[in-house]
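Scroll down for the structure; my scribbles are underneath it.
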Ligand SMILES: NC(=O)c1ccc[n+]([C@@H]2O[C@H](COP(=O)([O-])OP(=O)(O)OC[C@H]3O[C@@H](n4cnc5c(N)ncnc54)[C@H](OP(=O)(O)O)[C@@H]3O)[C@@H](O)[C@H]2O)c1
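In the working numbering, the protein residues as written are 280 to 570.
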């Protein structure tokens, strides 16, 4: 039996769909099942040891994906300890991009990923660590609405190349690592097929890029109601990306899934409507010059 943590979320939801489509015995480990969940659900709250012990009964392979947040380390520890108690054999862990991992990682979540990887390895599980670059989906979630309002792509990410990966490819790799005969006991660095800058993104969307200083981006986040944790995390990751720390491209998506990683241009063409102008100002400012 495969257990899928985070099955209400982005990656876990995609993995749950894929496992259901293949008819593999699997269960969604969730606090409350959302409608449309592809798998039968068991109640599992990472803050509730009893629920975790019950939910992991009979689970031999586990997708470990935890929400990004200030206590990510505690949630991961809870899941790993419960997996050990339940006799889980393999953990496929969604981690952070490799250059962020370490005791001095740029954010607390990067340090948490590094600690969890060590714990999984030391505890003797079979494992695969999936270390994705920046998700392409961040572009639609973080930039599209403001681009629609303002008619420009405003970002503090600078000119640094980022090897953005489509989260759908990360989920496909996770499914493969769960189903393969052996997980390989190794990390995989999951990237798209090329490193791109935020200016490349703007050009493809026929938008002008406006470089926003970090402090202005932080004020905008605060106005949108972001927590102090989120603001600090965003500031730290912006510095990390702007330093060019996430620009290395690998072929690991292809090696795991036997097909090419999705290209950013295809992702943007697919999601162009999300960036379309929604105000008169944006319609005036939009520059149809890209492509
Ligand atoms: N975004 C990026 O560019 C990027 C890049 C590299 C790595 N990552 C990593 O990717 C991971 C996030 O993946 P994602 O986008 O799939 O996350 P997501 O969509 O936010 O899903 C996280 C899931 O965790 C569940 N959850 C929250 N608290 C829980 C609890 N106490 N017990 C059980 N489940 C709980 C949530 O379920 P409910 O709230 O519905 O219960 C949610 O479905 C993070 O670890 C992040 O560090 C992200």
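Every residue, glycine too, gets a C-beta built ideally from N, C-alpha and C.
Review point. Which two residues bound the contiguous beta strand (DSSP E) that contains residue 340?
Key: 340-343
Review point. Can we count residue 273 as close to ligand 1, meaning its CB is less than 6 Å from some heavy atom?
Key: Absent from the structure is residue 273, since the part of the chain shown begins at 280 and ends at 570.
Review point. Is the CB-CB distance between residue 431 and residue 471 below 7 Å?
Key: no
Exercise for review: Report yes if the C-beta of residue 440 is less than 6 Å from at least one heavy atom of ligand 1; otherwise report no.
Suggested key: no
Practice item. Can you say whether residue 568 is buried or exposed, counting buried as having 16 or more other CB atoms within 10 angstroms of its CB? Key: Model confidence at residue 568 stands at a pLDDT of 48, short of 50, so the residue's coordinates are unreliable and nothing is read from them.
**Study point:** residue 378 and residue 438 closer than 7 Å at C-beta
**Key:** no
Review point. How is residue 550 classed by DSSP in three states: helix, strand or coil?
Key: coil
Review point. For the alpha helix (DSSP H) that residue 518 lies in, which residues bound it at each end?
Key: 507-521
Check your understanding: Should residue 383 go down as buried or exposed, given a rule of 16 or more other Cβ atoms within 10 Å for buried?
Key -> exposed
**Study point:** CB-CB length for residue 373 against residue 453, believed under 8 Å
**Key:** 7 Å
Point to revise | residue 411 beta carbon near ligand 1 (any heavy atom closer than 6 Å) | key: yes
Check your understanding: When burial is assigned at 16 or more other CB atoms within 10 Å of the CB, is residue 574 buried or exposed?
Key -> No answer is possible for residue 574: it lies beyond the span of the chain, which begins at 280 and ends at 570.
Review point. Given a threshold of 16 other Cβ atoms within 10 Å of its Cβ, counted over all protein chains shown, does residue 562 qualify as buried or as exposed?
Key: exposed
Review point. In whole angstroms, what separates the C-alpha of residue 356 from that of residue 502?
Key: 33 Å
Point to revise | Cα-Cα separation between residue 539 and residue 507, rounded to whole angstroms | key: 38 Å
Check your understanding: Helix, strand or coil: how does DSSP classify residue 427 here?
Key -> helix
Check your understanding: According to DSSP, which residues form a beta bridge with residue 434?
Key -> 490
Exercise for review: With a cut-off of 8 Å on the beta carbons, I'd call residue 467 and residue 564 a contact; round off their distance for me.
Suggested key: 41 Å between Cβ atoms; not a contact.
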